[in-house]
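In the working numbering, the protein residues as written are 10 to 359.
All C-beta atoms, glycine included, are put in the ideal place defined by N, C-alpha and C.
Put into structure tokens, the structure is as follows:
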């Protein structure tokens with residue numbers, strides 16, 4: 010084959026490979042902290058949160074996942090807020106792999122969290138952007154829109170939003186901690202596929218997002234607020250509005266899902282479900298619930314998803330740190346895979 014034709018052939022093959030690449034998402038086991046790695050069809054990467062500091066365990070797991078995804082750098086990092094389980098691993102991670110740009114909320118912080126914003130400022134020096142609702146993270150090939158930041162929320166409904174009849178007699182709750190209300194939450198859109206990650210947003214702010222108007226519309230994949238504990242989160246009017254197709258619970262063995270919400274009040278439809286898993290499972294439209302950990306706070310099989318959809322079953326000391334991966338094709342079909350056993354299931358975005 011002549012050299013020019015060979016070059017053109019290789020270039021064409023490369024372009025086809027780039028065009029056929031899926032959107033890939035990895036939920037990394039940071040033992041009840043939070044860390045999600047996203048690789049767009051363009052090959053650019055976005056990491057949301059970095060887990061705990063403890064023994065550099067979480068930074069090492071994030072780095073290993075980045076290598077698995079074929080990355081030599083992380084293009085964009087979003088730190089949702091300045092709690093130890095979300096930013097603790099950053100100092101170590103920033104020494105393991107280059108990070109291009111950093112996105113976060115502003116600088117107001119409670120005294121007990123000062124060390125974590127200081128750590129973030131050190132790592133992000135000269136590369137930091139403060140975001141507000143409506144801003145976009147420039148991840149090529151997908152849309153990543155900021156939904157919440159610094160106690161503020163988007164003021165206009167996204168496509169698919171509208172009046173929410175579930176608001177009529179829905180319960181309101183008091184704020185559940187200032188730092189959680191200040192956090193950065195995002196919506197990622199890739200064709201029909203919509204991924205919502207509101208990190209630790211509380212009940213009050215969930216209600217503000219969907220009442221009286223649902224500003225979010227329905228979503229394809231929802232990462233549970235507050236690690237799946239639904240202590241002052243998981244408002245039924247919110248879950249019923251977004252109607253997630255698939256749910257990923259980023260819990261730990263003894264953190265998140267399994268903590269009971271005992272503040273149950275009645276509505277016209279009766280009391281809402283206090284168990285987080287059952288509340289999710291009973292939400293209209295849910296086709297699958299995947300957990301990073303079996304809850305050792307509540308091991309009742311009826312209060313956890315099917316065992317083959319749980320990435321880690323054992324105590325923390327023996328944990329292999331298995332994750333959950335989602336691969337999303339351009340046509341909206343997406344496959345969720347459990348790294349522990351290779352079990353996978355394919356869904357079609359509605």
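query: Given that a residue counts as buried once 16 or more other Cβ atoms are within 10 Å of its Cβ, and exposed if not, what is residue 264?
result: Residue mapping note: residue 264 aligns to position 255 of the chain shown, counting from 1. Classification for residue 264: buried.
- prompt: With burial defined as no fewer than 16 other Cβ atoms inside 10 Å of the residue's Cβ, what is the status of residue 267: buried or exposed?
  reply: Walking along the chain shown from the start, residue 267 turns up at place 258. Answer is buried; the Cβ neighbour count reaches 16.
field: Inter-residue spacing [alpha-carbon to alpha-carbon] between residue 110 and residue 62
entry: Numbered from 1 along the chain shown, position 101 holds the residue referred to as residue 110. Numbered from 1 along the chain shown, position 53 holds the residue referred to as residue 62. Taking the straight line from one Cα to the other gives about 21 Å.
field: Among 260, 351, 211, 146, the one whose alpha carbon lies nearest that of residue 60
entry: Locating residue 60 in the chain shown gives position 51, counting from the first residue. If you compare the alpha carbons of 260, 351, 211, 146 with that of residue 60, the shortest gap goes to 260.
field: Runs of alpha helix (DSSP H) lying entirely within the region 231 to 269, each at least 4 residues, in chain order
entry: Correct list: 245 to 251.
task: Return the CA-CA distance between residue 75 and residue 335, expressed in angstroms with no decimal places.
output: Taking the chain shown and counting its residues from 1, the one referred to as residue 75 is at position 66. Taking the chain shown and counting its residues from 1, the one referred to as residue 335 is at position 326. Between residue 75 and residue 335, the alpha-carbon positions lie close to 14 Å from each other.
- request: Output the distance between the C-alpha atoms of residue 43 and residue 94, rounded to the nearest integer angstrom.
  value: Locating residue 43 in the chain shown gives position 34, counting from the first residue. Locating residue 94 in the chain shown gives position 85, counting from the first residue. The alpha-carbon separation between residue 43 and residue 94 amounts to approximately 7 Å.
- prompt: What are the partner residues of residue 314, as DSSP defines its beta bridges?
  reply: Taking the chain shown and counting its residues from 1, the one referred to as residue 314 is at position 305. Answer is none; residue 314 lacks a bridge partner.
field: Three-way DSSP call (helix, strand, coil) for residue 306 in this model
entry: In the chain shown, the residue the question calls residue 306 occupies position 297. When secondary structure is reduced to three states using DSSP, residue 306 falls in the coil class, being assigned neither helix nor strand.
message: Given a cut-off of 9 Å on the beta-carbon distance, is the pair residue 359 and residue 227 in contact?
response: Translated into the one-based positions of the chain shown, residue 359 becomes position 350. Translated into the one-based positions of the chain shown, residue 227 becomes position 218. In terms of Cβ geometry, residue 359 and residue 227 form a close pair [threshold 9 Å].
Residue 97 in three-state terms, based on DSSP: On the chain shown, residue 97 is found 88 positions in, with the first residue counted as 1. Here residue 97 sits in coil by DSSP.
task: Tell me, please, which residues DSSP counts as bridged to residue 336.
output: Working through the chain shown from its first residue, we reach residue 336 at position 327. In the DSSP output, where bridge partners are listed per residue, residue 336 has 33, 344.
- prompt: Start and end of the alpha helix (DSSP H) containing residue 114?
  reply: Along the chain shown, one-based indexing puts residue 114 at 105. Residue 114 -> no alpha helix (DSSP H), and no H or E assigned at all.
task: Tell me, to the nearest whole angstrom, how far the beta carbon of residue 324 is from that of residue 305; I am working on the premise that it is less than 8 Å.
output: Translated into positions along the chain shown, residue 324 becomes position 315. Translated into positions along the chain shown, residue 305 becomes position 296. The beta-carbon separation of residue 324 and residue 305, rounded to 7 Å, stays under the 8 Å limit for a contact.
- prompt: Got a sec? Which residues, its chain only, sit under 7 Å from residue 445 by beta carbon, not counting five neighbours each side?
  reply: Given a span of 10 to 359 for the chain in the structure shown, any question on residue 445 remains unanswerable.
- request: For residue 346, I'd like the list of residues in its chain whose CB is within less than 6 Å of its CB, leaving aside the five on either flank, ordered along the chain.
  value: Counting from one through the chain shown, the residue named residue 346 turns up at place 337. These residues qualify, in order along the chain: 334, 353.
message: On the DSSP letters alone, give me the boundaries of the beta strand (DSSP E) that residue 85 sits inside.
response: The residue labelled residue 85 in the question sits at position 76 within the chain shown. Segment 83 to 87, the beta strand (DSSP E) holding residue 85.
- request: Throw me the rounded Cβ distance for the residue 106 and residue 82 pair, which I believe falls under 8 Å.
  value: Your numbering for residue 106 matches position 97 in the chain shown. Your numbering for residue 82 matches position 73 in the chain shown. Residue 82 and residue 106 do touch by the CB rule: their CB atoms are close to 6 Å apart, below 8 Å.
- prompt: Enumerated in chain order, which unbroken segments of the beta strand (DSSP E) with a length of 3 residues or greater are wholly contained in the region 99 to 164?
  reply: Counting only unbroken stretches of 3 or more residues, the beta strand (DSSP E) elements lying wholly within the region 99 to 164 are 108 to 113, 137 to 139, 152 to 158, in sequence order.
message: On a Cα-Cα basis, can you pick out the residue from 202, 201, 284, 41 that is closest to residue 97?
response: Mapped onto the chain shown, residue 97 falls at position 88. Distances from the CA of residue 97 to each of 202, 201, 284, 41 were compared; the closest alpha carbon is that of 41.
task: Note down, in chain order, each residue of its chain lying with its Cβ closer than 7 Å to the Cβ of residue 278, except the 5 sequence neighbours on either side.
output: Mapped onto the chain shown, residue 278 falls at position 269. With a pLDDT of 47 at residue 278, under the threshold of 50, the modelled position of this residue cannot be trusted; read the value that follows with caution. Within the same chain, residue 278 has no close Cβ partners at all.
- prompt: What are the boundary residues of the beta strand (DSSP E) that residue 206 is part of?
  reply: As a working mapping, residue 206 is identified with position 197 in the chain shown. Residue 206 -> beta strand (DSSP E) spans 202 to 206.
message: DSSP three-state label for residue 276, please.
response: As a first step, residue 276 is located in the chain shown; it is residue number 267 there, counting from the start. In this prediction, residue 276 scores a pLDDT of 47, lower than 50, which makes its location untrustworthy; the coordinate-derived value is nonetheless stated afterwards. Residue state, collapsed to three classes: strand.
message: Let me make sure I understand the geometry here. Which of 69, 187, 198, 202 has the alpha-carbon closest to that of residue 212?
response: Residue numbering aside, residue 212 sits at position 203 when the chain shown is read from its first letter. Nearest C-alpha to residue 212: 187.
field: Inter-residue Cα distance where the pair is residue 52 and residue 67
entry: The sequence position of residue 52 within the chain shown is 43, counting from 1. The sequence position of residue 67 within the chain shown is 58, counting from 1. Approximately 23 Å, taken between the alpha carbons.
- prompt: What number of angstroms, rounded off, separates the C-alpha of residue 147 from the C-alpha of residue 64?
  reply: The residue labelled residue 147 in the question sits at position 138 within the chain shown. The residue labelled residue 64 in the question sits at position 55 within the chain shown. So the two alpha carbons sit approximately 32 Å from each other.
Separation of residue 257 from residue 233, as counted between CA atoms: In the chain shown, counting from the first residue as 1, residue 233 sits at position 224. In the chain shown, counting from the first residue as 1, residue 257 sits at position 248. Here the alpha carbon of residue 233 sits roughly 6 Å from the alpha carbon of residue 257.
field: Straight-line gap, residue 70 to residue 37 (C-alpha atoms, nearest Å)
entry: What you label residue 70 is simply residue 61 of the chain shown in a count that begins at 1. What you label residue 37 is simply residue 28 of the chain shown in a count that begins at 1. One Cα belongs to residue 70, the other to residue 37, and the distance between them is close to 7 Å.
query: residue 275 to residue 326, Cα distance in whole Å?
result: Taking the chain shown and counting its residues from 1, the one referred to as residue 275 is at position 266. Taking the chain shown and counting its residues from 1, the one referred to as residue 326 is at position 317. In this prediction, residue 275 scores a pLDDT of 45, lower than 50, which makes its location untrustworthy; no coordinate-derived value is stated.
task: Return helix, strand or coil for residue 300, following the three-state DSSP convention.
output: The residue labelled residue 300 in the question sits at position 291 within the chain shown. Of the three classes helix, strand and coil, the one that applies to residue 300 here is strand, per DSSP.
- request: Kindly indicate which residue of 253, 207, 113, 126 has the alpha-carbon position closest to the one of residue 293.
  value: In the chain shown, the residue the question calls residue 293 occupies position 284. Taking each of 253, 207, 113, 126 in turn and checking the Cα distance to residue 293, the smallest one comes out for 253.
Under the three-state DSSP convention, the category residue 285 falls into: By 1-based counting over the chain shown, the position of residue 285 is 276. Reduced to three states, the DSSP call for residue 285 is helix.
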